[in-house]
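Here the structure is laid out as structure tokens; the discussion comes afterwards.
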């Protein structure tokens, strides 16, 4: 699963497309607190003042989400993300607000974690695995694998292996 960039995440929230995606996936959307709503308002004002064509495109998609699919070269989420990214790169005030919004929203998003330890080992002799621990931070989905696809010619000695989620 590809990680959302800061500007992609903010674009999804600015255009309210995240609501449509969340509904389709059946996922609970993050609660937007007063700080995020205030910063999104500030960002919209900055965009209107500094890059009005980007602000206009984002506003149109907010009220006409079908434009994302009907006119992807003009209103696709990736196009809007690139426009916001360009604005953030050239204007530190826009960049700062984008980063504040991201910092507030990202911790609330569901995350998938997959950890693989000691996998795909091929040994002619003996294998000894001990005192190994996998610990996943809080996430909505955690998959942990340990000692999978192991081929050993002699003995395998395993002790004190732990997985925590």
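In the numbering used here, the protein residues as written are 4 to 168.
Every residue, glycine too, gets a C-beta built ideally from N, C-alpha and C.
*Grab me the residues of residue 24's own chain with a C-beta within less than 6 Å of its C-beta, minus the 5 sequence neighbours each way, in chain order.*
In this prediction, residue 24 has a pLDDT of 47, which is less than 50 and means its spatial position is unreliable; what the coordinates show is noted afterwards. Same-chain partners within the cutoff: there are none.
*Taking buried to mean at least 16 other C-beta atoms within 10 Å of its own C-beta, is residue 131 buried or exposed?*
exposed
*Which listed residue (96, 167, 134, 50) has its alpha carbon closest to that of residue 161*: 134
*Roughly how many whole angstroms lie between the Cα atoms of residue 55 and residue 49?*
9 Å
*Unbroken alpha helix (DSSP H) run spanning residue 167, endpoints*: Unbroken run through residue 167 is the beta strand (DSSP E), 159 to 167; no alpha helix (DSSP H).
_Classification of residue 86 by the beta-carbon crowding that lies within 10 angstroms, buried from 16 upward_ = buried
_Just to confirm, is the Cβ distance from residue 78 to residue 90 under 8 Å?_
no
*How big is the Cα-Cα spacing for residue 147 and residue 118?*
5 Å
*How would you call residue 159, buried or exposed, if buried means at least 16 neighbouring beta carbons within 10 angstroms?*
exposed
_Residue-chain proximity (residue 157, chain C), Cβ-Cβ < 8 Å_ = Absent from the structure is chain C; it holds one protein chain and no more.
_Beta-ladder partner(s) of residue 118, from DSSP_ = 147
*Does the Cβ of residue 106 have 16 or more other Cβ atoms within 10 Å, making it buried, or fewer, making it exposed?*
exposed
*Three-state secondary structure (DSSP) of residue 207*: Since the first and last residues shown for the chain are 4 and 168, residue 207 lies out of range.
*Can you have a look at residue 42 and say buried or exposed, based on whether 16 or more other CB atoms are within 10 angstroms of its CB?*
buried
*Answer with buried or exposed for residue 40, where buried requires no fewer than 16 other C-beta atoms within 10 angstroms of its C-beta.*
exposed
*Hey, could you find the ends of the beta strand (DSSP E) residue 136 is sitting in?*
130 to 138
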